[in-house]
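All letters in the sequence shown, in the order written, are residues 33 to 560 by the working numbering.
Here's the structure, in structure tokens; my notes come after.
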Amino acid sequence: MLNLATVLENSARAVPDRTAVVLGVQRLTYAELDAAAGRVANLLRSRGIVPGDKVALSCPNVPWFPIVYYGILKAGAVVVPLNVLLKGREIAYHLTDSEAKAYFCFEGGAELPMGQEGWAGFGETTGCEHFFLIPAAPTEDSPIAGAETLTAALTGQSADFETVATEPGDTAVILYTSGTTGRPKGAELTHSNVMLNVLTCHKLFGEVEHDVHLITLPLFHSFGQVVQMNAGLASGATLVLLPRFDARSALALMQRHAVTFFAGVPTMYWALLEEEAPEVDLSQIARNLRMAGSGGSALPVEIHRRFAERFGVTILEGYGLSETSPVATFSPRGEKVRPGSIGRAVWGVEVDLVGEDWTPVQGADAIGEIVIRGHNVMKGYFKRPDATADVMRDGWFRTGDLARRDADGWLYIVDRAKDLIIRGGFNVYPREIEEVLLTHPAVSMAAVIGMPHERHGEEIKACVVLAPGATLSEEELIAWCRDEMAGYKYPRLVEFFAALPTNATGKILKRELRDAGIAAADAITGAR
């Protein structure tokens, strides 16, 4: 049997009394977490859910997420984690597209009324038969008329459950892509895909007697779900949950719980560096922290340097996608880190660079699109053979990300292919410009986008967040860039922001910046 639920069950047998999950004052041991998941599995069976059925889950980083996640897996069903920011119409699409038979939705609160949106989405579907409202506080009474609380549904359910035997190639999880190039597609990950990625994480991070993870990455996303929740519980770690990331809370939790393992996206590392929290002892955090990993998007070299100076830990950068379970490359432990690099291909995985016609790109530092083949590559997009065929060939998965490879085989992300700016026939890679901008003492964060231009095709625009207390004009920054970059590269357009828009995983939403910029330019043109 290769059911992914065994990552929890094995640790529950080995260290039953160890704390598995922490949220505020709430603590669950491994035995308690496994028992709660068993009750969920029995609930699903009692409602007619059979192995292979799809079960959706909308839940932030609270203990209910792993409880329901592993309960679904124990029952032999397929977990469909959904972004907690989805609205009713979007939820209905995901439930229908995934053919979900049941849906677990967190109640939420005034700022995030997930339960109301989930109930609305559930009501628009015909195939989803069961709706369970996960209460924010223990109660059997649902605030939504007609909805059933999970607390009431679990009453009388046994904790004993014999986990369904699944095959390695059976689907364990369907992760929906962000839908930036069309309607979201569900990447089918098998039990083998995820389990082997968990084992790969253990090889990459090194196994210690007892790690303490701070999980600020959303668990519905592959990064936090596999690299921290699945891999962490498989190793007997304690998971400290933070439902909504903010730097001050993260630093306080790192100190309070002696956190040894932190993983995040670049914007999270930037926020930790910008936060001034005099009540926090940074030296104590640095003494405990043994591992810091970054992924999701390219980590600026300047953030790399500043974090090592402040916390005494070198961030190890990796790369992957939902379609690759997710880890595909990583900076090898024990080797000198090369800032700006995403490392090399991980164990059992091949990574290459190709051109538009799939022809391999040859030579050191030549730029090509990353393709990946190995045990981590998804089964395919659920019910979308044509979309799968568009990105797959002979087992290779085409990522849409551009990179270069040095003479030693280390890879460096250049940019997303769709973010490439072509100005006057010259290729301009936004990340390169962003790296330079971050060396300016007044610049705290930057995102570079291409704007439509009649003469050049596209013009380069820098969207900038200034450092606290800094003053800088658009003209001054443009003049500085002119001195630092080639003539075809430097931004002619600059706009200052209090903060850059990000999605639920912390990635900067460049498309939103671009659309807003185009709309503003059109409004000015129309006014004339």
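Just so it is clear, CB atoms sit at the ideal spot from N, CA and C, and this is done for glycine as well.
Please list, in chain order, all residues of the same chain as F193 whose beta carbon is under 7 Å from its beta carbon, the five residues on each side excluded. Locating residue 193 in the sequence shown gives position 161, counting from the first residue. The answer, listed in chain order, is G70, A73, N74, K106.
Can you grab the Cα-Cα spacing for the pair H336 / E64, in whole Å? Here the question's residue 336 lines up with position 304 in the sequence shown. Here the question's residue 64 lines up with position 32 in the sequence shown. Those two C-alpha atoms are separated by around 39 Å.
Can you tell me whether DSSP reads A551 as helix, strand or coil? Position 519 of the sequence shown, counted from the start, is the residue given in the question as residue 551. Here A551 sits in helix by DSSP.
Would DSSP call D451 helix, strand or coil? For the purposes of this step, residue 451 is taken as residue 419 along the sequence shown, with counting starting at 1. Helix, per DSSP.
Who are the Cβ neighbours of G80 in its own chain at under 6 Å, not counting the five residues just before and after it? Within the sequence shown, the letter at position 48 stands for residue 80. Within the same chain, G80 has no close Cβ partners at all.
Can you tell me whether T213 is helix, strand or coil according to DSSP? Within the sequence shown, numbered from 1, the residue matching residue 213 stands at position 181. Reliability of the predicted coordinates at T213 is poor, the pLDDT of 47 falling under 50, and no value is obtained from them.
What residue range does the alpha helix (DSSP H) around Q148 cover? For the purposes of this step, residue 148 is identified with residue 116 of the sequence shown, where counting begins at 1. First-last of the alpha helix (DSSP H) with Q148: 146-155.
From A52 to V272, what distance separates their C-alpha atoms? Your numbering for residue 52 matches position 20 in the sequence shown. Your numbering for residue 272 matches position 240 in the sequence shown. Cα-Cα distance, rounded: 9 Å.
Between which residues of its own chain and P358 is the CB-CB distance below 8 Å, once the five residues before and five after are set aside? On the sequence shown, residue 358 is found 326 positions in, with the first residue counted as 1. Same-chain partners within the cutoff: N229, S254, F255, V258, V259, G327, G352, N408.
Is the CB-CB distance between Q287 and I247 below 8 Å? Numbered from 1 along the sequence shown, position 255 holds the residue referred to as residue 287. Numbered from 1 along the sequence shown, position 215 holds the residue referred to as residue 247. Contact flag unset, no.
If I measure Cβ to Cβ from S363 and keep anything under 6 Å in the same chain, skipping five residues before and after, which residues do I get? Here residue 363 refers to the residue found at position 331 when the sequence shown is read from its first residue. The residues are L348, E349, V369, G375.
For K119, count neighbouring C-beta atoms within 10 Å of its own C-beta (all shown protein chains included) and say buried if the count is 16 or more, exposed if not. Locating residue 119 in the sequence shown gives position 87, where the first residue counts as 1. That one is exposed.
Grab me the residues of L304's own chain with a C-beta within less than 7 Å of its C-beta, minus the 5 sequence neighbours each way, in chain order. Indexing the sequence shown from 1 puts residue 304 at position 272. So the qualifying residues of the chain are A279, A282, L283.
On the DSSP letters alone, give me the boundaries of the alpha helix (DSSP H) that G120 sits inside. In the sequence shown, the residue the question calls residue 120 occupies position 88. From DSSP, the alpha helix (DSSP H) with G120 extends over 120-130.
Would you kindly work out how many angstroms separate the C-alpha atoms of G482 and E490, rounded to a whole number? One-based indexing of the sequence shown puts residue 482 at position 450. One-based indexing of the sequence shown puts residue 490 at position 458. The alpha-carbon atoms of G482 and E490 are separated by roughly 6 Å.
Could you pull the start and end residues of the beta strand (DSSP E) that R405 belongs to? Translated into positions along the sequence shown, residue 405 becomes position 373. Segment 399-406, the beta strand (DSSP E) holding R405.
So, for I104: in the same chain, excluding its five sequence neighbours on each side, which residues have a beta-carbon less than 6 Å away from its beta-carbon? Residue mapping note: residue 104 aligns to position 72 of the sequence shown, counting from 1. Closer than 6 Å at the Cβ level, and outside the excluded window around I104, lie V87, V111.
Rounded distance between the beta-carbons of Y125 and L162, thought under 8 Å: Working through the sequence shown from its first residue, we reach residue 162 at position 130. Working through the sequence shown from its first residue, we reach residue 125 at position 93. With the sequence shown as reference, residue 162 is identified as His, and Leu is not the correct amino acid for it. About 19 Å; that fails the 8 Å criterion.
Counterpart residues of K86 in DSSP-defined beta bridges: For the purposes of this step, residue 86 is identified with residue 54 of the sequence shown, where counting begins at 1. In the DSSP output, where bridge partners are listed per residue, K86 has V110, A132.
6 Å CB neighbourhood of F414 in its chain, flanking five on each side removed: Your numbering for residue 414 matches position 382 in the sequence shown. Excluding residues within five positions, the ones whose Cβ falls inside 6 Å are I206, G218, E220.
State the DSSP-derived secondary structure class of L40, mapped to helix, strand or coil. Position 8 of the sequence shown, counted from the first residue, corresponds to residue 40. L40 falls in the helix class under three-state DSSP.
What do you get for T212, buried or exposed, if any count of 16 or more other CB atoms within 10 angstroms of its CB means buried? Position 180 of the sequence shown holds residue 212. Interpretation of T212 is limited by its pLDDT of 44, a score under 50 that renders its predicted location unreliable; the figure taken from the coordinates is listed afterwards. Result: exposed.
If we ignore side chains and look at the alpha-carbon of each, how far apart do Y26 and L452 end up? What is shown of the chain runs 33 to 560, which leaves residue 26 out entirely.
Buried or exposed for R455, going by 16 or more other Cβ atoms inside 10 Å? The residue you call residue 455 lines up with position 423 of the sequence shown. Buried: at least 16 other Cβ atoms inside 10 Å.
Tell me which residues share the same chain as W96 and place their Cβ nearer than 7 Å to its Cβ, disregarding the 5 neighbours each side in the sequence. Within the sequence shown, residue 96 is the residue found at index 64, counting from 1. Closer than 7 Å at Cβ, skipping near neighbours: F138, I166.
Let's test the definition: count the other Cβ atoms within 10 Å of the Cβ of I492 and tell me whether it reaches 16, buried, or not, exposed. Sequence index remark: in the sequence shown, residue 492 carries index 460 (1-based). Buried, because 16 or more other Cβ atoms sit within 10 Å of the Cβ of I492.
Do you know how far the Cα of E464 is from the Cα of A518? The count along the sequence shown starts at 1 and reaches residue 518 at position 486. The count along the sequence shown starts at 1 and reaches residue 464 at position 432. Whole-angstrom Cα-Cα distance: 12 Å.
Grab the span of the alpha helix (DSSP H) containing I317 for me, first residue to last. As a position in the sequence shown, residue 317 is number 285, starting the count at 1. Looking at the DSSP string, the run of the alpha helix (DSSP H) that includes I317 is 314-320.
Run through the DSSP bridge pairs and tell me what H162 is partnered with. Numbered from its first residue, the sequence shown carries residue 162 at position 130. Bridge partners of H162: A134.
How long is the line joining the alpha carbons of R430 and T171, rounded to whole angstroms? The count along the sequence shown starts at 1 and reaches residue 430 at position 398. The count along the sequence shown starts at 1 and reaches residue 171 at position 139. Taking the straight line joining both Cα atoms gives about 47 Å.
Taking Cβ to Cβ, would you say A435 is nearer than 8 Å to L469? As a working mapping, residue 435 is identified with position 403 in the sequence shown. As a working mapping, residue 469 is identified with position 437 in the sequence shown. Cβ distance not < 8 Å, so A435 and L469 don't count as in contact.
Look up E507 in the DSSP assignment and say whether it is helix, strand or coil. Numbered from 1 along the sequence shown, position 475 holds the residue referred to as residue 507. Helix at E507.
Can you tell me where the beta strand (DSSP E) with M477 in it begins and where it stops? As a working note, residue 477 is residue 445 in the sequence shown. Here the beta strand (DSSP E) through M477 covers 475-485.
The ligand MN heavy atoms versus the CB of K119: any closer than 7 Å? As far as ligands go, the structure on display features none, and thus does not contain the ligand MN.
How far does the alpha helix (DSSP H) with V226 in it extend, from its first residue to its last? The sequence position of residue 226 within the sequence shown is 194, counting from 1. Unbroken alpha helix (DSSP H) run through V226: 223-237.
Residue burial classification, G325 (beta-carbon count within 10 angstroms, cutoff 16): Start at 1 with the first residue of the sequence shown, and residue 325 comes out as number 293. It is buried - the Cβ of G325 has at least 16 other Cβ atoms within 10 Å.
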